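S.K.: Have a look at this one.
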Amino acid sequence: MDWTVKVLKNYVNFEGRARRKEYWFYTLAIFITIIIAMILDNILGTGFLLYAIVV
Numbered sequence: 103m104d105w106t107v108k109v110l111k112n113y114v115n116f117e118g119r120a121r122r123k124e125y126w127f128y129t130l131a132i133f134i135t136i137i138i139a140m141i142l143d144n145i146l147g148t149g150f151l152l153y154a155i156v157v
């Protein structure tokens, strides 16, 4: 979970680079968040309302 906090703290720090693990785990976390939002959207029948919150 440290990689998500590190990415969020350093998103405007342009010195150095993120490690491969930090990048891909953050991407995975965003992907899972979008999937959960889409599932909730289908269950609640709210159309694109929750999609707008995630994106």
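Per our numbering, residue 103 is the first one in the sequence shown, and the count goes up by one each step. Beta carbons: idealized from backbone N, C-alpha and C, even for Gly. The structure displayed is predicted, hence computed values, not measured ones.
Is the Cβ-Cβ distance between A131 and T106 less than 8 Å?
M.R.: The sequence position of residue 131 within the sequence shown is 29, counting from 1. The sequence position of residue 106 within the sequence shown is 4, counting from 1. Yes. Within cutoff.
S.K.: Helix, strand or coil for Y128? Go by DSSP, reduced to three states.
M.R.: As a first step, residue 128 must be located in the sequence shown, where it is residue number 26. The answer is helix: DSSP assigns Y128 an H, G or I state.
S.K.: Give me the residue from K111, D104, I138, I136 with the minimum Cα distance to K123.
M.R.: Residue mapping note: residue 123 aligns to position 21 of the sequence shown, counting from 1. Of the listed residues, the one whose Cα sits closest to K123 is D104.
S.K.: Compute the distance between the beta-carbons of Y128 and V109, then report whether it is under 8 Å.
M.R.: Position 26 of the sequence shown, counted from the first residue, corresponds to residue 128. Position 7 of the sequence shown, counted from the first residue, corresponds to residue 109. Going by C-beta atoms, Y128 is nearer than 8 Å to V109.
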